[in-house]
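Novice: Handing you this structure, nothing more for now.
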Amino acid sequence: EIMIGMLLGIIMAGNVWFIIWPNQKKIIAGELEGDALTKAKRNAFLASRTNAWLSIPMLIGMIAANHGGVMAGF
73 EIMIGMLLGI
83 IMAGNVWFII
93 WPNQKKIIAG
103 ELEGDALTKA
113 KRNAFLASRT
123 NAWLSIPMLI
133 GMIAANHGGV
143 MAGF
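So that you can map any letter, position 22 of the sequence shown is 94 in this note's numbering, and since no number is skipped, the others follow by simple counting.
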């Protein structure tokens with residue numbers, strides 16, 4: 073179960089490092105216009121939303137690794 077949480081955390085870090093951050097840098101610097109700007113905004117938004125959704129199962133996976141008996145009712 074900790075491996076699931078770890079994998080989700082790695083995916084989330086990759087989203088930030090390779091998708092969200094580079095796109096935000098380009099948007100803030102004003103390097104993009106038109107369709108390229110729209111695409112960069114959309115990609116950053118989708119990666120951010122994905123991270124938000126992945127944070128709950130990641131947290132549950134990491135908590136369950138140490139407290140699985142409590143969560144299962146034992």
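For glycine and all other residues, C-beta sits at the position ideal for the given N, C-alpha and C.
Would Asn95 be called buried (16 or more neighbouring beta carbons within 10 Å of its own) or exposed?
Specialist: The residue in question, Asn95, is buried, as its Cβ has 16 or more Cβ neighbours within 10 Å.
Novice: Measuring CA to CA, which of Trp125, Ile135, Ala136, Met130 is closest to Ile82?
Specialist: Checking every option, the nearest Cα to that of Ile82 belongs to Met130.
Novice: Between the beta-carbon of Ile76 and the beta-carbon of Ala119, is there less than 8 angstroms?
Specialist: Going by C-beta atoms, Ile76 is not nearer than 8 angstroms to Ala119.
Novice: Check Leu131 in the structure and name its three-state DSSP category.
Specialist: Helix, per DSSP.
Novice: Exposed or buried, which one is Asn123 when buried takes at least 16 other CB atoms within 10 Å?
Specialist: Its Cβ being crowded by 16 or more others within 10 Å, Asn123 is buried.
Novice: Return yes when the Cβ of Ala116 is within less than 8 angstroms of the Cβ of Leu104, no when it is not.
Specialist: No, the pair does not count as a contact, with Cβ atoms beyond the cut-off.
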